[in-house]
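Asker: Chains as they are written, first to last, in the working numbering: chain A, 1 to 396; chain B, 397 to 792.
Supplied in C-alpha cells, the structure appears directly below.
Put into C-alpha cells, the structure is as follows:
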C-alpha cells in the first residue's frame with residue numbers, strides 16, 4: 001500500500017490542522033523573506049565595487065548584531081560552522097580533547113569539534129527544552145570523570161573534557177543556569193550554539209551571550225539570512241580581537257607587507273552578504289513577531305487534537321520559535337512516518353528531528369552518556385512549515 | 397629624512413611611468429568591475445528568495461566554469477582556501493604527511509596543508525615563471541628522499557611527501573610539464589593552485605586542469621569575483637561527486653532524513669554569490685583582454701627605463717596577467733622600498749611580493765629546500781595597479 005493510501009483518520013486530522021494554518025499551497029519548512037532594503041544595499045555594493053573583504057556593511061552588520069543581542073562584540077564569518085570552529089579554537093580546545101555536545105543537533109556542532117582534532121562527547125536532552133540536560137549531565141560527569149590539575153578528565157579515555165556546547169534547539173533556550181554552574185564546577189569552557197536562536201531570550205538576556213562565545217547562523221533557513229553566514233558573539237575584547245584576526249588569515253596590519261603570525265582561516269563574511277544581513281536586521285522584530293503569531297495559530301489549530309501538541313517554549317525563556325514543532329505522545333509514535341508522508345506528498349514540508357549525532361558513521365565510536373530522552377524525542381518530533389511569511393502576508 | 401624627500405631621480409621616473417598608464421587618480425592594486433548583469437541576477441535571487449544553499453546560479457556558475465576551462469567538472473565553494481583544503485583531503489593528504497608548496501605564495505597554500513594535519517615543505521622558485529622550479533626540486537628530492545613502498549619519503553623527517561601544489565604566480569603558468577613528470581616519478585598527487593590564473597593557458601590548455609585537482613579563487617581582488625568564493629576543477633567524476641558531497645556536510649540525499657556519512661564541511665557557495673559569478677563570467681573575455689592591454693601599456697611605459705622591466709609571461713604559456721609586476725635588476729635593489737613609498741604616498745597602490753612562507757612564524761620549523769631564487773625575487777618584485785578598468789574605460 002502506498003504512503004498516501006495508508007493515511008489514517010488521525011493523520012488526516014493533523015494534515016487538516018496544518019493546512020488550516022499554512023493554506024493549501026506548497027509550503028517549505030523555512031523560507032527567507034525580503035521585504036526591506038535588501039536590493040538597495042546590494043545595489044550599493046555593486047555600484048561602490050565593495051562586494052568582498054572590505055566595505056561598510058560588515059562593520060554595520062556586526063554593530064547591529066551586537067546592539068540587538070547586547071553582546072559587547074560580534075564578528076561576522078562565512079557560516080555558523082566557521083563560527084563554532086573559531087570559538088572552539090579560541091576556547092583552547094586542542095587535539096586529543098573531548099567536548100560535550102548534545103546528541104540532538106545539526107551535524108555542524110560535532111564537526112566543528114572534529115576540525116579541532118578533538119572528539120565530541122554526546123549528552124542527552126531534556127524534555128522541557130529539547131536541549132542538553134544539565135542535571136543529568138552533572139550526575140554523569142560526577143561518576144565518569146575526575147578532576148586532574150583543575151581539568152575535568154574522562155576516566156575511561158583519560159582525555160581532558162575541555163568545553164561544553166549547548167545548542168538552543170529550534171530556538172528554545174536550554175537550561176543556561178544549570179549549564180553555567182556545571183561549566184564552573186567542572187572547569188569547562190562554555191560555547192553556546194545559538195545558530196537557531198537569534199531573538200531568543202533566557203531570563204531576558206539574549207542567548208549566545210552567557211558563555212565565552214555564542215554562535216549565530218544566517219543560512220537561508222534561519223530567522224534572518226545573509227545567503228551563507230554566521231557570527232561569533234563575545235563579551236571579551238581579547239577574544240573578539242583574536243576572532244577577527246583568526247578569521248582574516250591572521251594577517252598583521254601593514255600597508256603592503258603580508259605577514260601572518262598564526263595558522264589563520266579565510267572565514268570573514270563578504271561585504272555583499274553582510275549587506276543582505278543589514279537589510280534583514282531591520283525587519284528582524286517583525287519576523288520574530290510573525291513567528292510568534294505562527295506559534296499561536298498552530299497551538300490553536302492543534303488544541304483539539306488528542307495525542308499531539310505544539311512544543312511550547314521552556315519556562316523563564318522567550319523563544320524565537322524558529323522552527324515550529326509537533327510533539328507526539330508516547331502512544332502515537334506510529335503516526336510520525338505517516339504524517340511525514342502525507343504532508344510531504346502534498347508538498348507541505350515537514351521533517352523529523354536530526355538523526356542523533358551518535359548514530360552517524362563518523363561518530364559511532366565517540367563517547368556518550370545514555371541517550372534515553374534523545375531516543376524518545378527522535379520518534380516523537382515533527383518540524384512544521386515555519387516561514388515568517390506564513391503569518392506575515394496572505395495568512396495574516 | 398622622510399620617505400618622500402628621499403625619492404631619487406630613478407623612483408620619480410618610475411612613478412611617472414606608472415602614472416602614464418594609470419593616471420593621476422588613486423589606484424588600487426586590483427578592483428573588481430561590474431558592467432554586466434550583476435544587479436539583475438542579484439535581483440532575481442531576492443525575488444525568488446533563493447539566496448542560500450539552493451538555486452539555479454550555483455549550477456549555472458559551475459557549468460560555465462567547466463565550459464570555460466574545459467575541465468570536466470567544477471565545484472563552487474566559499475573561497476579558494478576551502479577549495480585547496482578539500483582538494484588536499486580528497487588527494488589523500490593525511491595528518492603527518494608533508495606537501496610540497498612554493499615558498500612564494502599567499503599563506504592559504506600552506507594553511508590548507510596545515511588544516512589537514514600535514515606539514516608544508518617549501519620549494520624554491522624559478523626566475524622564468526616565479527613559480528615552483530621543477531628541475532631543481534627534482535634534484536633536491538633525489539638527494540633528500542627515498543621511495544618506500546612506492547611513496548616518496550623525506551629521509552630527514554621519515555614522513556611521506558604526499559602531494560605537490562604548484563601555484564601560478566600572478567597568473568603566470570608554472571612549468572607544468574616539469575611538474576607532471578616529477579609528480580609521476582615521485583608518486584606525488586598534483587593539485588594546481590590556480591587561484592590567480594583564471595584565463596591562463598599552458599600549451600593552450602587551461603591552468604588547473606592538469607593535476608588531480610585545480611583550485612580557483614573569486615575573492616574581490618581576482619579577475620572575476622563572487623564577493624568571496626572559490627572552485628575546485630577536476631576531470632575525475634568520482635572526485636567531483638566526492639568534492640560536492642564533502643562541501644555540503646557529507647549529507648546523504650533524502651527528503652527529510654539528516655544522515656551524514658563522513659566529517660564533511662560547510663563549504664558550498666551560496667546562490668547569491670554564484671549569481672554575481674555568472675554575471676562576471678559573461679564579461680571574463682573582456683576583462684582578460686583589458687588585462688593584456690594593460691600589460692602592453694606598462695611594457696611600453698617602462699621600455700626606456702634601465703634597471704627595471706615588466707614581467708613577461710613564460711614561454712609556451714598565455715598568461716591572464718592578473719597582477720602586473722615590475723622586476724628590478726640586481727643592482728637596483730635599493731629602489732624597492734623607495735618605489736613602494738613614493739607610490740603608496742600618492743595612493744597609487746603597489747606592493748612587494750608576499751613574505752616567503754618559510755619566514756612566517758607558524759612555518760619557521762617546516763622543512764624547506766634552499767630558497768635562493770625566492771630570496772632574490774623577494775627583493776626585486778613590485779606589483780602594480782592591475783584593475784581591468786584601468787584599460788577598459790577612461791584609460792582605453
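For every residue, glycine included, the Cβ atom is placed at its ideal position computed from N, Cα and C.
At which residue ranges does the region 529-596 of chain B contain complete beta strand (DSSP E) runs of 3 or more residues, listed in the order of the chain?
Answerer: As far as the region 529-596 of chain B is concerned, its whole beta strand (DSSP E) runs of at least 3 residues are 541-544, 547-550, 557-560, 585-589.
Asker: Inspect the CB distances between the region 529-542 of chain B and the region 665-680 of chain B and report whether three or more fall short of 8 Å.
Answerer: No, the region 529-542 of chain B is not in contact with the region 665-680 of chain B.
Asker: Counting only runs that start and end within the region 709-773 of chain B, where is the beta strand (DSSP E) found for 3 or more residues in a row?
Answerer: Counting whole runs of 3 or more residues, the region 709-773 of chain B contains the beta strand (DSSP E) stretches 721-724.
Asker: Report yes if the CB atom of residue 593 of chain B is closer than 8 Å to the CB atom of residue 718 of chain B, and no otherwise.
Answerer: Closer than 8 Å, so yes.
Asker: Rounded to the nearest angstrom, how far is the Cβ of residue 358 of chain A from that of residue 122 of chain A, given a contact under 8 Å?
Answerer: About 5 Å separates the two Cβ atoms, so the contact holds.
Asker: Pick helix, strand or coil for residue 500 of chain B, following the three-state DSSP scheme.
Answerer: It is coil, neither helix nor strand.
Asker: In terms of DSSP beta bridges, what is residue 266 of chain A paired with?
Answerer: Answer by DSSP bridge pairing, in chain order: A/248.
Asker: With a CB to CB cut of under 7 Å and the five nearest residues on each side skipped, what residues in its chain are close to residue 379 of chain A?
Answerer: Taken in chain order, the residues that qualify are 333, 336.
Asker: Any beta-carbon of chain A closer than 8 Å to the one on residue 555 of chain B?
Answerer: No, residue 555 of chain B lies away from the interface with chain A (no Cβ there is under 8 Å from its Cβ).
Asker: Which residues in chain B have a C-beta closer than 9 Å to the C-beta of residue 108 of chain A? List them in chain order.
Answerer: Within 9 Å Cβ-Cβ: 645, 662.
Asker: What does residue 261 of chain A reach in chain B if we use C-beta pairs closer than 7 Å?
Answerer: Simply 757.
Asker: Check whether the Cβ atoms of residue 734 of chain B and residue 407 of chain B lie closer than 8 Å to each other.
Answerer: Yes; because the gap between Cβ atoms is below 8 Å, this pair is in contact.
Asker: Starting from residue 220 of chain A, trace the alpha helix (DSSP H) in both directions and tell me its first and last residue.
Answerer: Neither: residue 220 of chain A is in no alpha helix (DSSP H) and is coded neither H nor E.
Asker: Which residues of chain B have a Cβ atom closer than 8 Å to the Cβ of residue 46 of chain A, listed in chain order?
Answerer: Per Cβ cutoff of 8 Å: 430, 434, 435, 438.
Asker: Judging by CA-CA distance, which residue of B/643, B/496, B/690 is the nearest neighbour of residue 582 of chain B?
Answerer: Nearest of B/643, B/496, B/690 to residue 582 of chain B, Cα basis: B/496.
Asker: Who pairs with residue 471 of chain B in a beta bridge, going by DSSP?
Answerer: BP columns for residue 471 of chain B point to B/628.
Asker: In or out: residue 51 of chain A buried (at least 16 other Cβ within 10 Å) or exposed?
Answerer: Buried, because 16 or more other Cβ atoms sit within 10 Å of the Cβ of residue 51 of chain A.
Asker: Would you list the one or two residues that DSSP bridges to residue 203 of chain A?
Answerer: Residue 203 of chain A is not bridged to any residue.
Asker: What are the residues of the region 628-654 of chain B that lie near chain A, defined by any Cβ-Cβ distance shorter than 9 Å?
Answerer: Within the region 628-654 of chain B, the qualifying residues are 645, 646, 647, 651, 652, 653, 654.
Asker: For a contact meaning CB atoms closer than 7 Å, what does residue 515 of chain B contact in chain A?
Answerer: Under the 7 Å cutoff, chain A gives no residues; its nearest Cβ is about 11 Å from residue 515 of chain B.
Asker: Please report whether the beta-carbon of residue 427 of chain B lies at a distance below 8 Å from any beta-carbon of chain A.
Answerer: Output row for residue 427 of chain B: interface = yes.
Asker: Please return the same chain residues whose Cβ sits closer than 8 Å to the Cβ of residue 66 of chain A, not counting the five positions on each side in sequence.
Answerer: Once the five neighbours on either side are set aside, the close Cβ partners of residue 66 of chain A are 72, 73, 74, 233.
Asker: Does the Cβ-Cβ distance between residue 694 of chain B and residue 720 of chain B come in under 8 Å?
Answerer: Yes; because the gap between Cβ atoms is below 8 Å, this pair is in contact.
Asker: Using 8 Å as the cut-off, can you tell me whether the region 633-644 of chain B makes contact with the region 568-585 of chain B, which would need three or more C-beta pairs spanning the two stretches below that distance?
Answerer: Touching, no, given that fewer than three Cβ pairs across the two stretches are closer than 8 Å.
Asker: State the beta-bridge partners of residue 778 of chain B as determined by DSSP.
Answerer: Answer is B/722, B/748, bridged to residue 778 of chain B.
Asker: Can you name the residues of chain A whose CB is closer than 7 Å to the CB of residue 616 of chain B?
Answerer: In chain order: 51, 52, 53.
Asker: Put residue 430 of chain B into one of helix, strand or coil per three-state DSSP.
Answerer: Looking at residue 430 of chain B - three-state DSSP - the assignment turns out to be coil, as it is neither helix nor strand.
Asker: Distance check for residue 165 of chain A and residue 158 of chain A, CA to CA, integer angstroms please.
Answerer: For residue 158 of chain A and residue 165 of chain A, the distance between alpha carbons rounds to 20 Å.
Asker: Buried or exposed: where does residue 26 of chain A fall if 16 or more other Cβ atoms within 10 Å of its Cβ makes it buried?
Answerer: Answer is exposed; the Cβ neighbour count stays below 16.
Asker: Going by Cα to Cα distance, which pick from B/778, B/708, B/723, B/705 is closest to residue 738 of chain B?
Answerer: Considering only alpha carbons, the answer is B/778.
Asker: Taking 8 Å as the cut-off, decide whether the C-beta atoms of residue 169 of chain A and residue 430 of chain B are in contact.
Answerer: No, these two residues do not count as a Cβ contact at 8 Å.
Asker: In chain order, what residues of the region 580-598 of chain B put their CB closer than 9 Å to some CB of chain A?
Answerer: Within the region 580-598 of chain B, no residue qualifies.
Asker: I'd like to know whether the C-beta of residue 423 of chain B is nearer than 8 Å to at least one C-beta of chain A.
Answerer: Chain A, which has no Cβ nearer than 8 Å to the Cβ of residue 423 of chain B, makes this no.
Asker: Suppose you measure from the CA of residue 722 of chain B to the CA of residue 622 of chain B; what does that come to, to the nearest Å?
Answerer: Cα to Cα, the separation comes out at about 28 Å.
Asker: Nearest by alpha-carbon distance to residue 269 of chain A: which of B/460, B/474, B/455 is it?
Answerer: Closest option to residue 269 of chain A, Cα to Cα, is B/474.
Asker: To which residues of the same chain is residue 763 of chain B closer than 8 Å at the C-beta, ignoring the five residues directly before and after it?
Answerer: For residue 763 of chain B, where only same-chain residues beyond five positions count, the Cβ hits under 8 Å are 494, 515, 517, 518, 550, 552, 553.
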